[in-house]
Each structure stands twice: as C-alpha cells, then as structure tokens.
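Enquirer: Sharing a structure below in structure tokens format, with a few things to ask.
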C-alpha cells in the first residue's frame, strides 16, 4: 500500500470544503446560539450594533465592517451603517478588488452608496485607475480583496490609493488579503486598514492567507 505524503498539496475540492467550514465556524459566535441556551433562563436582550459589530458607534460616526474574501471560495462583504453594500448574496462581488463608494455626509434616509464596483485586477488596472481618478471630494471608499488583487497594480493606482489614505497599498503582493476604508480629501493616513501577506509558512489555507475582518467607526465628513 503506497504511503501518504503529508506535505503533498491538497486537492482543490478538499481546499474548498476546508475554507467553507473554517468560514462558517468562524462566524458562528456571532450568528449561532449555544446548544444549551434553551436550558438557561432568558437574560436581558443583547443590544444590536450596526453591521453586527461588537461595539456601537458615537452619533457623529458611521459604523462599518469589511470582510475580505477567503481564498478563492468565499467572497467578501462590505457593510456600512447597517446596510450590506456588497456581498455574494447581492451578487455584486467578484475576484480581484471590490469597492464601495459612500457619500461622507448624512442625508435623508441615511448615507447612500453612490457606487459599487468589482475590478479583476489580475488582467488590467486601466478601468480601476479611471475609477479612482473620478472619485469626488468627501467620498468614503471601502475596499476588500478576493483571491488576487495586486498582480497588475501599477504605481499610478498605488499613488491614487495612497492619496485616499492607504499606508499598505505599495506592499500588496500576489494573493495578499487587504481591507481598507479611506476618503477623498483625507488629511494624513487612514487608521482603518489591514493587510496580511500570502506566505506559505503562515497561510491558513493552501495558497491563501486568512481572511480579514475589520470593523470600526468612521467619523462623518467635517466641514
């Protein structure tokens, strides 16, 4: 009987199953109740925070949550002020870079997403460059990667993201995970950015790093 090589790469079907299981189990603490909860006396109702964040936000801030893709199996999700702007369910995400733009001012009915877009940056960044150049002052950007978003990213695109407040865009590499919230006209760098390298020594999945899940409170546009 042939021996099994513990270092041999896993079949794609096994990788997909493992990623799905890991993603579902990772979301269980927020979405699932304890199996013994029905045996306990009911406690006080838990407060609902926008975007299902762990904490609420001050009244002069917007709540957001950005989740990157997991490998090339589970797509990203972008939530702003308790509204899902991009997700697999909404069918408006794809591999590459996923971006939602929101007006930084609070209007009637709450903030509205002015645009959502997916850019398959593994092939070209021409459309992404034009898109970034046309963003208006005061607009908030939320971005999440899925699979690979950096292979074709050039210096012009990196400079445009840097102008929106990114610190890490120049360091993005093949299949890195990246989530970012910035704004056109921002002074300085954004505090809302996370980046994890694709490194075979530390990757959670075979060929991909762990997904990123960033939540926070972004200040409203200040005149």
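Residue numbers (mature numbering (1 follows the signal peptide of the UniProt record, and there is no 0)): -33 to -1, 1 to 190.
Backbone N, C-alpha and C fix where the C-beta goes; we use that ideal spot for every residue, glycine too.
Quick one, are the C-beta atoms of residue 68 and residue 82 less than 7 Å apart?
Expert: Going by C-beta atoms, residue 68 is nearer than 7 Å to residue 82.
Enquirer: Mind checking which residues open and close the alpha helix (DSSP H) that includes residue 96?
Expert: Per DSSP, residue 96 belongs to the alpha helix (DSSP H) from 93 to 100.
Enquirer: Report yes if the C-beta distance between residue 89 and residue 66 is below 7 Å; otherwise report no.
Expert: No, the pair does not count as a contact, with Cβ atoms beyond the cut-off.
Enquirer: Just the Cα atoms here: how many angstroms apart are residue 147 and residue 12?
Expert: Approximately 32 Å, taken between the alpha carbons.
Enquirer: Quick check on residue 175 - is its C-beta less than 7 Å from some C-beta in chain C?
Expert: The structure shown has no chain C; it contains just one protein chain.
Enquirer: Counting Cβ pairs, one atom from each stretch, are 3 or more of them under 8 Å apart for the region 36 to 53 and the region 106 to 113?
Expert: The region 36 to 53 vs the region 106 to 113: in contact.
Enquirer: Let me confirm a value: residue 101 is counted as buried when at least 16 other C-beta atoms fall within 10 Å, else exposed. Which label applies?
Expert: The residue in question, residue 101, is exposed, as its Cβ has fewer than 16 Cβ neighbours within 10 Å.
Enquirer: I need the straight-line Cα distance from residue 20 to residue 141, nearest angstrom please.
Expert: The alpha-carbon atoms of residue 20 and residue 141 are separated by roughly 29 Å.
Enquirer: Excluding five sequence neighbours on each side, which residues of the same chain lie with their C-beta closer than 7 Å to the C-beta of residue 33?
Expert: The residues are 45, 109, 111, 146, 148, 181.
Enquirer: Assuming the contact rule is C-beta atoms closer than 8 Å, residue 144 and residue 95 should be a hit. Round their C-beta distance to whole Å, please.
Expert: The pair is not a contact, with the Cβ atoms about 18 Å apart (cut-off 8 Å).
Enquirer: For the alpha helix (DSSP H) holding residue 127, just list the boundary residues, first then last.
Expert: Note, residue 127: alpha helix (DSSP H), 122 to 130.
Enquirer: Please report the Cβ distance between residue 151 and residue 103, rounded to the nearest whole angstrom; I am assuming they are in contact, meaning their Cβ atoms lie under 8 Å.
Expert: Indeed, because the Cβ distance is near 6 Å, the residues count as touching under 8 Å.
Enquirer: Between residue 187 and residue 71, how many whole angstroms is the CB-CB distance? I'm expecting something under 8 Å.
Expert: 7 Å between Cβ atoms; contact.
Enquirer: Helix, strand or coil, according to DSSP, for residue 48 in the structure here?
Expert: Note: residue 48 maps to coil in three-state DSSP.
Enquirer: Below 7 Å CB to CB, which residues in the same chain sit around residue 131 once its five sequence neighbours on both sides are set aside?
Expert: Closer than 7 Å at the Cβ level, and outside the excluded window around residue 131, lie 108, 149, 150, 151, 153.
Enquirer: From residue 24 to residue 53, what distance separates their C-alpha atoms?
Expert: Roughly 21 Å separates the two Cα atoms.
Enquirer: Taking Cβ to Cβ, would you say residue 191 is nearer than 7 Å to residue 42?
Expert: Summary: the structure shown does not reach residue 191, with the chain confined to residues -33 through 190, and so no result is reported for it.
Enquirer: Going by C-alpha to C-alpha distance, which of 166, 185, 59 sits closest to residue 177?
Expert: Cα-wise, what sits closest to residue 177 is 166.
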